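Chemist: Protein sequences appear in the order of chains A, B, C and D.
FYI, our numbering numbers position 79 of the first sequence as 99, with every residue one higher than the one before it.
FYI, our numbering numbers position 84 of the second sequence as 104, with every residue one higher than the one before it.
FYI, our numbering numbers position 130 of the third sequence as 150, with every residue one higher than the one before it.
FYI, our numbering numbers position 5 of the fourth sequence as 25, with every residue one higher than the one before it.
Cβ coordinates follow ideal geometry from the N, Cα and C atoms, glycine included.
All values reported here derive from a predicted model rather than from experimental measurement.
Number of protein chains: 4
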Amino acid sequence: MEMLDLLQKVTAASGFTHSAGVEVVAADVGNVTMELAKKPALLQFSGFFHGGVLAGLADHCAGAAATTTLAPGKIAVTVDLHINYLAPANGEKITATAKCVQTGSTLCVVSVAVSSIRGNEATVCAIATVTLRVVDMPRMG
Amino acid sequence: MEMLDLLQKVTAASGFTHSAGVEVVAADVGNVTMELAKKPALLQFSGFFHGGVLAGLADHCAGAAATTTLAPGKIAVTVDLHINYLAPANGEKITATAKCVQTGSTLCVVSVAVSSIRGNEATVCAIATVTLRVVDMPRMG
Amino acid sequence: MEMLDLLQKVTAASGFTHSAGVEVVAADVGNVTMELAKKPALLQFSGFFHGGVLAGLADHCAGAAATTTLAPGKIAVTVDLHINYLAPANGEKITATAKCVQTGSTLCVVSVAVSSIRGNEATVCAIATVTLRVVDMPRMG
Amino acid sequence: MEMLDLLQKVTAASGFTHSAGVEVVAADVGNVTMELAKKPALLQFSGFFHGGVLAGLADHCAGAAATTTLAPGKIAVTVDLHINYLAPANGEKITATAKCVQTGSTLCVVSVAVSSIRGNEATVCAIATVTLRVVDMPRMG
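#1: Output needed for Q28 of chain C: all residues of its chain with C-beta closer than 8 angstroms, excluding positions within five of it in sequence on either side, in chain order.
#2: I'd like to know if D48 of chain B contacts chain A, where contact means its C-beta is closer than 8 angstroms to some C-beta of that chain.
#3: So who's on the other strand from M23 of chain B, going by DSSP bridges?
#4: Please list the terminal residues of the continuous alpha helix (DSSP H) segment that includes L106 of chain C.
#5: Quick check on this structure: which residue in D:H38, D:A57, D:H102 has the alpha carbon closest to the alpha carbon of L152 of chain D?
#6: Between A75 of chain C and A75 of chain D, which are expected to be in contact by the criterion C-beta below 8 angstroms, what is the C-beta distance as a whole number of angstroms?
#7: Please check if any C-beta of chain D sits within less than 8 angstroms of the C-beta of V99 of chain A.
#8: Please compile the residues from chain D whose C-beta is within a distance smaller than 8 angstroms of the C-beta of C147 of chain B.
#9: What's the gap between the Cα of F68 of chain D and the Cα of C145 of chain D?
#10: Give the DSSP-derived three-state secondary structure of S135 of chain A in the structure shown.
#11: Tell me, to the nearest whole angstrom, how far the beta carbon of A40 of chain A is from that of L56 of chain A; I am working on the premise that it is less than 8 angstroms.
#12: Using a Cβ-Cβ distance under 8 angstroms, would H80 of chain A count as near chain C?
#13: Check whether the Cβ atoms of D79 of chain D and T98 of chain D lie closer than 8 angstroms to each other.
#14: How about F65 of chain B and V73 of chain A: do their beta carbons lie closer than 8 angstroms?
#15: Kindly indicate if chain F contains any beta-carbon less than 8 angstroms away from that of T126 of chain D.
#16: Does P92 of chain A have its Cβ less than 8 angstroms from a Cβ in chain B?
#17: Using a cut-off of 7 angstroms between C-beta atoms, extract the partners of Q64 of chain A located in chain B.
#18: Since H102 of chain B meets chain C, which of its residues come closer than 9 angstroms, beta carbon to beta carbon?
#19: Taking the continuous alpha helix (DSSP H) assigned at T126 of chain B, which residues delimit it?
#20: Are the Cβ atoms of S135 of chain A and V121 of chain A separated by less than 8 angstroms?
#21: Give me the Cβ distance between V154 of chain C and L90 of chain C, rounded to the nearest whole Å; I'm assuming they're in contact under 8 angstroms.
#22: What do you get for N140 of chain D, buried or exposed, if any count of 16 or more other CB atoms within 10 angstroms of its CB means buried?
#23: Given a cut-off of 8 angstroms, decide if A46 of chain B and L63 of chain B are closer than it, judged by their beta-carbon atoms.
#24: Using a Cβ-Cβ distance under 8 angstroms, would L74 of chain D count as near chain B?
#25: For a contact meaning CB atoms closer than 9 angstroms, what does L106 of chain B contact in chain D?
#26: By DSSP, does T88 of chain A sit in helix, in strand, or in coil?
#27: By Cβ distance below 8 angstroms, which residues in the same chain neighbour L106 of chain C in space, the five residues on each side in sequence not counted?
#28: Can you find a CB in chain B that lies within less than 8 angstroms of the CB of L152 of chain D?
#29: In chain order, which beta strand (DSSP E) runs of at least 3 residues are fully inside the region 22-98 of chain C?
#30: In chain order, what residues of the same chain have a beta carbon less than 6 angstroms from the beta carbon of A133 of chain B, not counting five sequence neighbours either side?
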C-alpha cells in the first residue's frame with residue numbers, strides 16, 4: 021500500500037510520466053504494473069501508441085520494479101533497454117507489467133510485458149528487458 | 021531538400037513527435053539528424069531528459085533514416101530497439117544522428133547516437149541499434 | 021516425436037552444434053529444450069561455460085523453436101539476439117528452453133532461458149530474446 | 021606490445037577461445053582486434069560461421085577492449101550483449117574490432133564490428149553492443 025502510494029507520487033509528480041499520465045496500478049516487491057490511457061500526444065501517425073512511449077513506460081515501470089527490491093535510499097537507474105514490438109498498440113490504453121528477475125548490490129535485470137487493452141481484451145504488444153544500476157537516491161530540492 | 025521537408029512535415033504533423041517538439045535538422049539518403057529542446061514534459065525527476073524520450077527520439081530518427089533508403093511508397097517500422105544510456109542527458113537540447121547500416125527489401129538496421137547539447141558542448145548520452153521492417157506506407161486520411 | 025528426431029539430426033549433423041555436443045531434449049510446436057554438457061572447449065578462463073557458448077546455444081535453440089511454428093520448407097534465421105548474463109554458468113551442464121512468443125510470415129520472436137545444472141539444482145544463468153526472419157530452407161547437398 | 025602479448029596469452033591459454041583458435045591481432049587502450057579462421061567446428065549447416073561463434077568472438081573481444089581501459093587488477097565481464105547479423109559470415113576468416121565507448125569504475129560499454137574476410141574483401145557481417153561490469157581479476161590457480 022505504502023509502496024504503491026510512493027510510486028504513484030513519484031510518477032505523478034512531474035516530467036514525462038506526469039505529462040503522459042502514467043498511473044501505478046499495482047506494486048509488490050519486484051513486481052509493478054502501470055497503465056497509460058490513450059491521448060494525442062502519445063501516438064504516432066497511424067493513431068497507435070508511439071514506440072517511444074511504450075519504451076518510456078517500460079523503462080519507468082522497470083525502474084520502479086527494481087527499486088522495490090533495494091534497501092531504502094537506493095534507486096535503480098537504466099543502463100540499457102531492449103524492446104521488441106510484437107503488435108500494434110492500438111488499444112484505448114496500454115499496461116506494463118514489470119518483474120525483477122535479478123537484483124544485486126550493483127545491478128538489476130527486469131523483464132517487462134506491455135499490453136494493449138481494448139475493452140476486455142489484452143494483447144501483448146511489446147516485451148522488454150531492462151538492465152539497471154543501483155545508485156544512491158538523489159536528494160530532492 | 022524535399023526529403024528534409026517531407027520528414028519535417030510528418031514529424032510535426034501530430035502525435036508524440038509533434039507534442040514533444042521534435043525538429044528534423046538534416047536528412048540525406050540513409051542519414052538523418054533530429055533535435056529536441058528541453059521542456060518539462062520530457063524530463064525525469066532529476067530534471068534531465070527521460071530515458072523514454074531518448075528512446076522515442078532514437079526510434080523516430082531511425083525510422084526516418086531507414087525510410088530514406090527505400091523505394092517510394094515503402095516505410096520502415098521498428099521491430100526492436102536496443103539503447104545504452106552513457107551519460108545524463110542534462111543539456112538544453114538533445115540531438116539524434118541516425119545512420120542506416122543495412123537496407124534490404126525486408127529489413128533495415130540503423131545505428132543512432134543521441135547527444136546532450138549544453139552551449140557549444142555535445143556529449144554522447146546514448147547509443148542505440150534499431151532493427152526495422154519494410155512495409156507499404158499506410159494510406160493517410 | 022518426428023520433430024524431436026529431425027531437430028536432433030540437424031543439430032548433431034555437423035559444425036558448431038555437433039562439435040560442442042548440443043543435445044535436443046524436448047520439442048513441441050513453439051517450444052524446444054536443448055542441453056550441453058561441460059567440456060574444456062566450452063569454457064572461459066574461470067572454468068565456467070563461456071558467454072559465447074551460452075549465446076550460441078540460445079541462438080540455436082531459438083531458431084529451432086521458431087522453425088517448429090513455420091510451414092514445411094521454411095526456416096527461421098537469426099536477425100538479432102540480446103542476452104543478459106545473470107549468474108556464472110558453473111554447472112556440469114547447461115540447458116536452454118526456448119519459447120516462440122510471436123510467429124508470422126516474415127518474423128518470429130523467441131524468449132530463451134539458459135540454466136546451469138549442478139546435481140539436482142538448476143539456476144537461470146542467462147535470458148535472451150531472439151528476433152528471427154523466415155526464409156526458404158536452403159537445399160542441402 | 022605487452023598488452024597484445026598478455027591478451028594473446030589469455031586468449032590462447034584454454035577453453036573456448038583456445039579451442040576455436042582466436043588470435044589477437046592488435047591491441048591499444050580501448051581498442052582490440054581479433055580474428056578467427058574457418059574450421060568445421062565453428063560453422064552452421066550452410067557452411068558459414070555460426071551466429072553463436074560470432075557472438076562469442078564479439079564477447080571476448082569486447083571484454084579485452086574494456087579491460088585495457090581499467091586499472092591493473094581489474095577486468096570487465098559481460099553483463100549483456102546485443103548482436104545484429106547483417107550478412108552471411110561466408111569468408112575464410114572473421115575479424116572482430118572492438119572499441120570501448122564508455123569506461124567507468126562500475127560499467128563499460130563496447131561497440132564491436134565483426135567482418136567476414138574473403139581474399140582482400142571485408143564485409144561487415146555483424147555489429148554488437150556489449151555492456152560489461154568491472155570486477156577484481158580472479159586469482160589464477
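Modeler: This is what the structure holds:
#1: E43, V44
#2: no
#3: M23 of chain B pairs with nothing; no bridge assigned.
#4: Taken as a continuous stretch (DSSP letters only), L106 of chain C belongs to no alpha helix (DSSP H), as it is neither H nor E.
#5: D:H102
#6: 4 angstroms
#7: yes
#8: In the sequence on display, residue 147 of chain B carries Ile and not Cys. By Cβ distance, chain D contributes V121, V129, S131, T149.
#9: 11 angstroms
#10: strand
#11: 6 angstroms
#12: no
#13: yes
#14: no
#15: Of the protein chains in the structure, A, B, C and D, none is chain F.
#16: no
#17: G35, F36
#18: D100, H102
#19: Taken as a continuous stretch (DSSP letters only), T126 of chain B belongs to no alpha helix (DSSP H), as it is neither H nor E.
#20: no
#21: 6 angstroms
#22: exposed
#23: no
#24: no
#25: V121, Q122, V129
#26: coil
#27: V144, C145, A146, I147
#28: no
#29: 43-48, 51-57
#30: T117, V144, I147
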